[in-house]
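Residue numbers (my numbering): 7 to 97.
Cβ atoms here follow ideal geometry from the backbone N, Cα and C, with glycine treated the same way.
Pasting the structure below:
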């Protein structure tokens, strides 16, 4: 998966973040775990897989693999639906 170029990330002081989609001018808020996952997606520029996100979420936060899997799936679906990331079929 890869972050769209038209999306600007701003980290907030409390660990959360906001995304601005420059094409549609909408803001999207991210909680701390969402901010963490977004930064991994951006940093890995197309090389981040769903499985790697699940693993990283389990390491960073006190969540079970099942909960992390559910959270990551929902996060990816939401970001894809809003046009914030693109996902290859194998990601």
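Pairing residue 71 with residue 61, the inter-Cα distance amounts to about 8 Å.
When only Cα atoms are considered, residue 13 and residue 90 end up about 6 Å apart. Residue 26 sits in a strand when the DSSP states are folded into three classes. Per the C-alpha coordinates, the member of 35, 27, 16 and 51 positioned closest to residue 93 is 51. Counted as a single uninterrupted DSSP element, the alpha helix (DSSP H) harbouring residue 60 occupies residues 56-66.
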